[in-house]
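Quick mapping for you: the protein sequence lines, in order, are chains A and B.
According to the working numbering, the first sequence is numbered sequentially starting from 73.
According to the working numbering, the second sequence is numbered sequentially starting from 183.
The structure under discussion appears below in the form of structure tokens.
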Amino acid sequence: MELLSGADMLVRSLQDEGVEYIYGYPGGSALHIYDAIFRQDKVKHILVRHEQAAAHMADGYARASGKPGVVLVTSGPGATNTVTGIATAYMDSIPMVVLCGQVMSHLIGEDAFQETDMIGVSRPVVKHSFSVKHPSEIPAVIKKAFYIASTGRPGPVVVDIPKDMTAPTDRFEYEYPKKVKIRSYNPVVRGHTGQIKKAVEMMLKAKRPILYAGGGVILGKAASQFTELAKKLGFPVTSSLMGIGAYPQTDKQSIGWLGMHGSYEANMTMHHSDLIVCIGARFDDRATNNTSKFCPTAKIIHVDIDPASISKTVRADVPIVGPVDSVLNEMLELLAQAKTSPNTDALADWWKQINDWRASHSVLYTAEEDRPIKPQQAVEAMWRVTGGDAYVVTDVGRHQMFAAQYYKFDKPNRWITSGGLGTMGFGFPAAMGIKLNYPDNDVALVTGEGSFQMMMQELSTCSQFGIPVKIINLNNQSLGMVRQWQDLNYQERHSQSCMQSLPDFKMLIESYGHVALKVEKIEDLEPTLEKAFAMKDKLVFVDVMVDPKEHVYPMQIPQGSMRDMLLSKTERT
Amino acid sequence: MRHIISILMENEAGALSRVVGLFSQRNFNIESLNVAPTEDPTLSRLTLTTIGSDQVIEQITKQLNKLVDVVKLVDLTEGVHVERELMLVKVKAVGAQRAEVKRTTDIFRGQIVDVTNTMYTVQMVGDNEKLDAFIQALGVNGILEVVRTGVSGISRGEKVLSL
Chain A
73 MELLSGADML VRSLQDEGVE YIYGYPGGSA LHIYDAIFRQ DKVKHILVRH EQAAAHMADG
133 YARASGKPGV VLVTSGPGAT NTVTGIATAY MDSIPMVVLC GQVMSHLIGE DAFQETDMIG
193 VSRPVVKHSF SVKHPSEIPA VIKKAFYIAS TGRPGPVVVD IPKDMTAPTD RFEYEYPKKV
253 KIRSYNPVVR GHTGQIKKAV EMMLKAKRPI LYAGGGVILG KAASQFTELA KKLGFPVTSS
313 LMGIGAYPQT DKQSIGWLGM HGSYEANMTM HHSDLIVCIG ARFDDRATNN TSKFCPTAKI
373 IHVDIDPASI SKTVRADVPI VGPVDSVLNE MLELLAQAKT SPNTDALADW WKQINDWRAS
433 HSVLYTAEED RPIKPQQAVE AMWRVTGGDA YVVTDVGRHQ MFAAQYYKFD KPNRWITSGG
493 LGTMGFGFPA AMGIKLNYPD NDVALVTGEG SFQMMMQELS TCSQFGIPVK IINLNNQSLG
553 MVRQWQDLNY QERHSQSCMQ SLPDFKMLIE SYGHVALKVE KIEDLEPTLE KAFAMKDKLV
613 FVDVMVDPKE HVYPMQIPQG SMRDMLLSKT ERT
Chain B
183 MRHIISILME NEAGALSRVV GLFSQRNFNI ESLNVAPTED PTLSRLTLTT IGSDQVIEQI
243 TKQLNKLVDV VKLVDLTEGV HVERELMLVK VKAVGAQRAE VKRTTDIFRG QIVDVTNTMY
303 TVQMVGDNEK LDAFIQALGV NGILEVVRTG VSGISRGEKV LSL
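See the structure below:
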């Protein structure tokens, strides 16, 4: 058997795990590992300009591919800089393995140079973490880290590696484990058949049902089963923000996503339903509004792989713990064998009501001549230009909501957003991670000046590695969502939400060797976007000057029920 | 309501901090906690008492079960169980007090485990309420120091918490 150092075993383990790219930044404690990376060419390393970007790049790749993203950083500041990225992945259940250098074992606890207790710092935002105690355990630890990150409810795993664990002089026999067994970690492999039967019976009897997909349908690779179930039943389909793409949004059964800025018809349908079939969503506060007023007439079937997500905020009547794909398969089998069919008369009445809701508030913004471009128009134009098939990545704020509302997603894994943590700065690196791995696809970042400036140093990484993402900056010269809340709740006192000294984005972008375009008139919008997406090999930044006063609507009224919404600056339900 | 949750977990560095961290992170209560290795040195047994509604206790047990280090757990208060806590009390014992403290200790079936000419150290074993009652009987004025281990517990009958 081969004798390898800890550093070589680590890199070999990544090779054996099938990792193509890792994202990171070197430093003292990680230098043995970086030397091992230099001496091979299977695992390619992308050098970012800030470690937070490395975590978001890995995250973006994981969201698009369903496989864990891998980060490599040094100890101390290198490790702590990834924490926001790890927390972002944790909140959205994204598989990720973060390899952190650590000071030499004998220095731990002595406040050594670049020492941080990374296991302690990251503890609340990881699924699990490992500290390497002996070089020979590195292959097994890496195997376990990937296994834990990608099974059950996925999440980030941190591996802390003291520098002496990777010393080139200490060599050990290398063998990558084929299987892994952890006695205290056994994710469920199927749902309870009795509960699934009960759920199917309820679905067949329901008069005002709604199917509700969460991010779990996408993470669980079950969009096709979910779509099949929806077609069989003929129910209206909604999703959480994270569940966008689980069901084709251009289909007539799709009523849009729900929640704080969800569609009018989705929120109304949910509120008046008699049965909610929730697959892989966790009823978070931005989706439910006030839980005590939540859907008073609905029974709830809740399928989730994480038992702790069930009955956490909203009580489930039929809880089903299991992987969404296997539960959906079982539901489909039961439906195929069922002697009864869905209640078509009641469903016809239900659809009539839903279509009335849909018709009454289908137009949510008005474009005016000679007025600034509406941000909604920019997203709609982008949808047309990309044929509805781009990976659309966002940052956080109003642009994020406009992108979610006006781009129609027909496929899973195409809508990439920080839904749980709401991390400004997430978008650009996440888009880079996707473009690198899917070079033939359009990858569009919809962002704003606030978010983009949090990670714009990565323009340099894009130059070095040739990552031609397209950046659509909805420029409203303010922190739009903050400003909207200040308009509504603080009598337009715009405390610290206006950025008075924005850079000249054209000069900035061009200084890194990229292309910058600017749009101020509506007639230039679509041609400019066409031009941008036609430049396949160039990073193009399109600065779209949009109406700073445009608000996002609908907007649920805080502490209200699902149906309590502001529909414009002057109307409410 | 008060619950006693008993956890069998990996005897590994960081496991305890994950359990304790979960409670502060999710705004759960810990009234008392103790932990020690079992007859199998790879496993630790942690017992904690907590207070919460049924819904909160359900979340606590679900969230604890999600921790990779947690092998198994049981809410002892769901069934019949034996519950014990050990307490050491250092108490002033001069003059008339000396006999009174001795008598009270005997009534509660405690033991005096250390003596000087001005004080006694009393060891007391029992459930929560018994220990509280003993402290009350002594009166706060005489007490110099109190150490309690926190509650330990085990199910009655054949039921066991093991691998």
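Just so you know, even glycine gets a beta-carbon here, dropped at the ideal spot from N, CA and C.
It should be emphasised that the depicted structure is a prediction, and the values quoted were computed from it without experimental measurement.
May I have the straight-line CA-CA distance separating residue i from residue j, to the nearest angstrom?
i, j, result
"Phe-110(A)", "His-471(A)", "40 Å"
"Gln-267(A)", "Val-399(A)", "10 Å"
"Tyr-178(A)", "Asn-216(B)", "The identity of residue 178(A) in the sequence shown is His, whereas the question assumes Tyr. Roughly 29 Å separates the two Cα atoms."
"Met-342(A)", "Arg-387(A)", "15 Å"
"Gly-288(A)", "Leu-230(B)", "33 Å"
"His-586(A)", "Phe-524(A)", "15 Å"
"Leu-436(A)", "Glu-337(A)", "12 Å"
"Ser-194(A)", "Ile-445(A)", "43 Å"
"Glu-521(A)", "Val-468(A)", "11 Å"
"Asn-614(A)", "Glu-123(A)", "It is Val, not Asn, that sits at residue 614(A) in the sequence shown. The straight-line gap from Cα to Cα measures roughly 26 Å."
"Leu-305(A)", "Leu-404(A)", "10 Å"
"Leu-560(A)", "Pro-575(A)", "29 Å"
"Val-143(A)", "Gln-174(A)", "14 Å"
"Ala-439(A)", "Ile-327(A)", "23 Å"
"Ala-217(A)", "Met-183(B)", "38 Å"
"Ala-197(B)", "Asp-288(B)", "40 Å"
"Lys-411(A)", "Lys-270(A)", "14 Å"
"Ser-383(A)", "Gln-321(A)", "28 Å"
"Met-129(A)", "Ala-239(A)", "28 Å"
"Gln-529(A)", "His-344(A)", "48 Å"
"Gly-552(A)", "Met-496(A)", "12 Å"
"Val-253(B)", "His-566(A)", "52 Å"
"Asp-88(A)", "Cys-172(A)", "19 Å"
"Ala-241(A)", "Ser-77(A)", "Strictly speaking, residue 241(A) in this sequence is Thr, with Ala absent from that position. Rounded to the nearest angstrom, the two C-alpha atoms are 7 Å apart."
"Gln-449(A)", "Gly-224(A)", "40 Å"
"Gln-241(B)", "Gly-203(B)", "15 Å"
If I measure Cβ to Cβ from residue i and keep anything under 6 Å in the same chain, skipping five residues before and after, which residues do I get?
i, result
"Ala-462(A)", "Asp-514, Ala-516"
"Pro-98(A)", "Tyr-106"
"Asn-193(B)", "Pro-219, Thr-224, Leu-225, Ser-226"
"Phe-316(B)", "Phe-290, Met-306"
"Lys-365(A)", "Ser-633"
Since residue i contacts residue j with CB under 8 Å, what's their CB separation in whole angstroms?
i, j, result
"Trp-429(A)", "Lys-279(A)", "So it is not a contact: roughly 17 Å between Cβ atoms."
"Ile-377(A)", "Val-396(A)", "7 Å"
"Val-120(A)", "Thr-519(A)", "Not quite, the Cβ-Cβ distance comes to about 18 Å (not below 8 Å), so this is no contact."
"Thr-489(A)", "Thr-466(A)", "5 Å"
"Pro-140(A)", "Val-169(A)", "5 Å"
"Leu-255(B)", "Leu-246(B)", "6 Å"
Keeping to the same chain, check which residues put their C-beta closer than 7 Å to that of residue i; ignore five residues upstream and five downstream.
i, result
"Thr-286(B)", "Ala-319, Leu-320"
"Met-340(A)", "Trp-429, Arg-635"
"Pro-226(A)", "Ser-165, Ile-166, Pro-167, Leu-291"
"Leu-493(A)", "Ala-159, Thr-160, Met-163"
"Met-301(B)", "Lys-272, Val-273, Lys-274, Ala-275, Leu-326"
"Ser-137(A)", "Asn-509"
"Tyr-257(A)", "Ile-220"
"Ala-380(A)", "none"
"Val-451(A)", "Phe-474, Ala-475, Tyr-478, Tyr-479, Val-518"
Go through its chain and collect everything with a Cβ distance to residue i's Cβ below 8 Å, but skip five positions before and after it.
i, result
"Trp-455(A)", "Tyr-478, Tyr-479, Lys-480"
"Lys-371(A)", "Met-274, Asp-346, Leu-347, Ile-348, Asp-389, Val-390"
"Leu-86(A)", "Ile-94, Val-115, Val-142, Ile-214"
"Lys-608(A)", "Pro-540"
Is there at least one non-hydrogen atom of the ligand ATP closer than 6 Å to the beta-carbon of residue i?
i, result
"Ser-334(B)", "The ligand ATP is absent from the structure shown, which contains no ligands of any kind."
**OP:** Closer than 7 Å, Cβ to Cβ, to anything on chain B: give me those residues from the segment 335-364 of chain A, in chain order.
**Re:** Only those residues of the segment 335-364 of chain A whose C-beta falls short of 7 Å from the nearest C-beta of chain B would be listed, and there are none.
Subject >> Chain-ordered residues of the segment 254-269 of chain A with a beta carbon less than 8 Å from chain B >> reply: Residues Ile-254, Arg-255, Ser-256, Tyr-257.
Original post:
Which runs of the alpha helix (DSSP H), 4 residues or longer, sit entirely within the segment 235-259 of chain B?
Top reply: 236-248
Subject >> Uninterrupted alpha helix (DSSP H) stretches inside the segment 514-569 of chain A (no shorter than 4 residues) >> reply: 521-527, 531-537, 552-561
Subject >> Ordered list of beta strand (DSSP E) runs contained in the segment 591-625 of chain A, each at least 3 residues >> reply: 612-617
**OP:** Closer than 7 Å, Cβ to Cβ, to anything on chain A: give me those residues from the segment 246-262 of chain B, in chain order.
**Re:** Lys-248, Val-250, Asp-251, Val-252, Val-253
Original post:
Relative to chain A, which residues along the segment 207-226 of chain B have a C-beta separation below 8 Å, given in chain order?
Top reply: Gln-207
Subject >> beta strand (DSSP E) runs contained entirely in the segment 159-224 of chain A, provided each spans 3 or more residues >> reply: 168-174, 200-203
Subject >> Against chain A: residues of the segment 326-341 of chain B by CB proximity under 8 Å >> reply: none
Original post:
Which residues, in chain order, does the segment 216-246 of chain A contribute to contact with chain B at a C-beta distance below 7 Å?
Top reply: Cβ proximity to chain B below 7 Å picks out Ile-220 from the segment 216-246 of chain A.
**OP:** Quick one: which unbroken alpha helix (DSSP H) runs of 4-plus residues sit fully inside the segment 246-302 of chain A? Chain order, please.
**Re:** 265-277, 287-291
**OP:** Could you name the residues of the segment 184-203 of chain B whose beta carbon sits closer than 8 Å to any beta carbon of chain A, in the order they occur along the chain?
**Re:** Met-191, Glu-192, Ala-195, Gly-196, Ser-199, Arg-200, Gly-203
Subject >> alpha helix (DSSP H) segments (min. 4 residues) lying fully within the segment 479-517 of chain A >> reply: Runs of the alpha helix (DSSP H) inside the segment 479-517 of chain A: 499-509.
Subject >> Entirely enclosed beta strand (DSSP E) segments - the segment 299-330 of chain A, minimum 3 residues >> reply: 309-311, 326-329
Subject >> 3 or more residues per run - each beta strand (DSSP E) lying fully within the segment 276-303 of chain B >> reply: 293-297
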